[in-house]
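Position one of the sequence shown corresponds to residue 5 (our numbering), numbered consecutively onward.
Heads up, the thing below is written out as structure tokens.
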Amino acid sequence: MSLRPAQELVHESSKFSLRQFFESQAAQAAIRSPAQLSNEGFAALNTKAETASSLALSPPATTAPPLPALFGRAPPPAPAPASAPAPLGASLTGATLPQPTDNKFTFSRLVPVTTPIQVQHQILQKHQQQAIKDVADTKPTGLQSSSSGEVMRLKAQVVTLNERLAHANANLSATSESVVRGNKALTTERAQFHSKYANLTKKLEETQAALAEAEALPKEDVVKNSKLLNAKVLELQVENEKLVATRAELTEALARAEEAAAPGAIDARISQTQEELAALQTKFTTLSAQHSVLLSDKLQLEKDIETKGEMLLAAESNVSAVNERVEELESTASGLREQLGASQVEVAQTDHLIDELDAKLAAARAEATGAPQGVEVEASRPALPVAEIKEYLRKQAFKNSRNPYYKEPNPEFITKDGAGVHFRGHVIPHDAWNSMEREAQAWAEAQPIPEGDMGG
């Protein structure tokens, strides 16, 4: 489809001017209609028939060719006498012309249709031929040629004016369509502007409300929020730096991958991969042999574990029996300890009785001899049993060293008070008693631990 008709239409539309349009309309109003011209011409011909006939008898030196010859047609035959021709204006007004309809899908300059001007021109040609046929028989040739030329000139001017009017109408319709499109575009732009203005107004109100809320907040909160925002910005900057570093690393890795993807690098990589595959196959063979050996060792160890498990079960049964025996021995030992405590109590009571008897005996001796009682008592008091005390302390220290959580209570024959430690009627100072305890503790720590000692 060619754009030349559209370009011509645009060019002609650019030449359109309302001033020229109204001037042409005024000129058309000044010119008389073709019907009036035809009637006046025919009346003049009728009043001067005699003069025209005399002129027709003497042919002029140069005569204009017949009107049909001007249009390249043969001269028509002489028609029979007929009635007077109908006026041109009546023929024009009586014809019904098709009105072209232009819309956005049709265009008169692009679609070859019969325009009103063409129809009018055809009607004018038919009327002209009919008028020539009617006048040719009764009117002289010279007068016919001059009046026909004037009529043709006027008709041509009418056709030209009608064409200009059609062009003006087409330009006016195009201008109207352009104005309609412009109005639609302006309406759309106005609606868009109103929507944008409403959105901006809403955003402005929200911003003003947020600003009012921010101004209503105390300065401390604002400072705190600004500090939080600054901290968040710093965190984002640090994260951005990390991302930039990561991006640089990825870029380097991509560059290395591209270098590795080169043809020579691919061949080298393939050869290296094949070498690694061969080494891995050799390693797999070696590991398979080692795996078979380890598997046999594992089976042997599992058998040993089963055997030792059975032995452990037997040992556990023996341990349970030994534990029962130990419990029996501990119960027996506790009974013996109770008996020992009772015997120690009896020994203490016996020692006390012996001391009382010794005192009574000393008093009786003093009465018999007449010596002072205190001297006799001091002379008759037995010596301090140091060896027995040390032996007792060593036993206690030995027991405590074997079982530090066991603390045997002091027997009844040992009591402590402010004067010292009373041991079987003897009073030992605290310093001497503590010294003997330390000595017994050192001796117990130096003794070897006998095998199988349970600390009882």
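In this text, a Cβ means the ideal position worked out from N, Cα and C, and glycines have one as well.
Span separating the alpha-carbon of Ala220 from that of Lys228: The residue labelled residue 220 in the question sits at position 216 within the sequence shown. The residue labelled residue 228 in the question sits at position 224 within the sequence shown. Those two C-alpha atoms are separated by around 15 Å.
For the alpha helix (DSSP H) containing Asp435, list its first residue and its last residue.
For the purposes of this step, residue 435 is taken as the residue at position 431 of the sequence shown. That run of the alpha helix (DSSP H) goes 434-450.
**Message:** Between Ala366 and Leu397, how many whole angstroms is the CB-CB distance? I'm expecting something under 8 Å.
**Reply:** Mapped onto the sequence shown, residue 366 falls at position 362. Mapped onto the sequence shown, residue 397 falls at position 393. Actually they are not in contact, since the Cβ atoms of Ala366 and Leu397 sit about 30 Å apart, beyond 8 Å.
Could you tell me the alpha carbon to alpha carbon distance between Ala337 and Lys364, rounded to whole angstroms?
Counting from 1 along the sequence shown, the entry for residue 337 is found at position 333. Counting from 1 along the sequence shown, the entry for residue 364 is found at position 360. The alpha-carbon atoms of Ala337 and Lys364 are separated by roughly 40 Å.
Given a cut-off of 8 Å on the beta-carbon distance, is the pair Ile136 and Ser152 in contact? Taking the sequence shown and counting its residues from 1, the one referred to as residue 136 is at position 132. Taking the sequence shown and counting its residues from 1, the one referred to as residue 152 is at position 148. Yes; because the gap between Cβ atoms is below 8 Å, this pair is in contact.
Q | Exposed unless 16 or more other CB atoms sit within 10 angstroms - verdict on Pro102 | A | Here the question's residue 102 lines up with position 98 in the sequence shown. The predicted position of Pro102 is uncertain, since its pLDDT is 47 and thus under 50; a value taken from the coordinates is nonetheless stated next. Exposed: under 16 other Cβ atoms inside 10 Å.
| query | Phe427: buried (16+ other C-beta within 10 angstroms of its C-beta) or exposed? | reply | Taking the first residue of the sequence shown as position 1, residue 427 is located at position 423. That one is buried.
| query | From Val349 to Asp355, what distance separates their C-alpha atoms? | reply | In the sequence shown, counting from the first residue as 1, residue 349 sits at position 345. In the sequence shown, counting from the first residue as 1, residue 355 sits at position 351. Each residue's alpha carbon lies about 10 Å from the other.
Quiz item: Going by alpha carbons, who is nearest to Trp447 out of Lys420, Ala213, Ile432, Gln400?
Solution: Here residue 447 refers to the residue found at position 443 when the sequence shown is read from its first residue. With distances taken between Cα atoms, Trp447 lies closest to Gln400.
Legend entry - Buried/exposed call for Ile309, threshold 16 Cβ in 10 Å: Locating residue 309 in the sequence shown gives position 305, counting from the first residue. So Ile309 ends up on the exposed side.
>> Does Ala368 pass the burial test, meaning 16 or more other C-beta atoms within 10 Å, or should it be called exposed?
In response: Within the sequence shown, residue 368 is the residue found at index 364, counting from 1. So Ala368 ends up on the exposed side.
Roughly how many angstroms separate the alpha carbons of Val155 and Glu181, rounded to a whole number?
-> The count along the sequence shown starts at 1 and reaches residue 155 at position 151. The count along the sequence shown starts at 1 and reaches residue 181 at position 177. The straight-line gap from Cα to Cα measures roughly 38 Å.
C-alpha distance - Ser275 paired with Lys287, whole-angstrom precision
If you number the sequence shown from 1, residue 275 lands on position 271. If you number the sequence shown from 1, residue 287 lands on position 283. Cα to Cα, the separation comes out at about 18 Å.
On a Cα-Cα basis, can you pick out the residue from Ser177, Leu128, Arg185 that is closest to Arg157? Taking the first residue of the sequence shown as position 1, residue 157 is located at position 153. Among Ser177, Leu128, Arg185, the Cα nearest to that of Arg157 belongs to Leu128.
Q) Across which residues does DSSP place Phe288 in a beta bridge pair? A) In the sequence shown, the residue the question calls residue 288 occupies position 284. Phe288 is not bridged to any residue.
Using the Cβ count rule (16 or more neighbours within 10 Å means buried), how would you classify Ile393?
One-based indexing of the sequence shown puts residue 393 at position 389. Classification of Ile393: buried, given that the 10 Å Cβ count is 16 or more.
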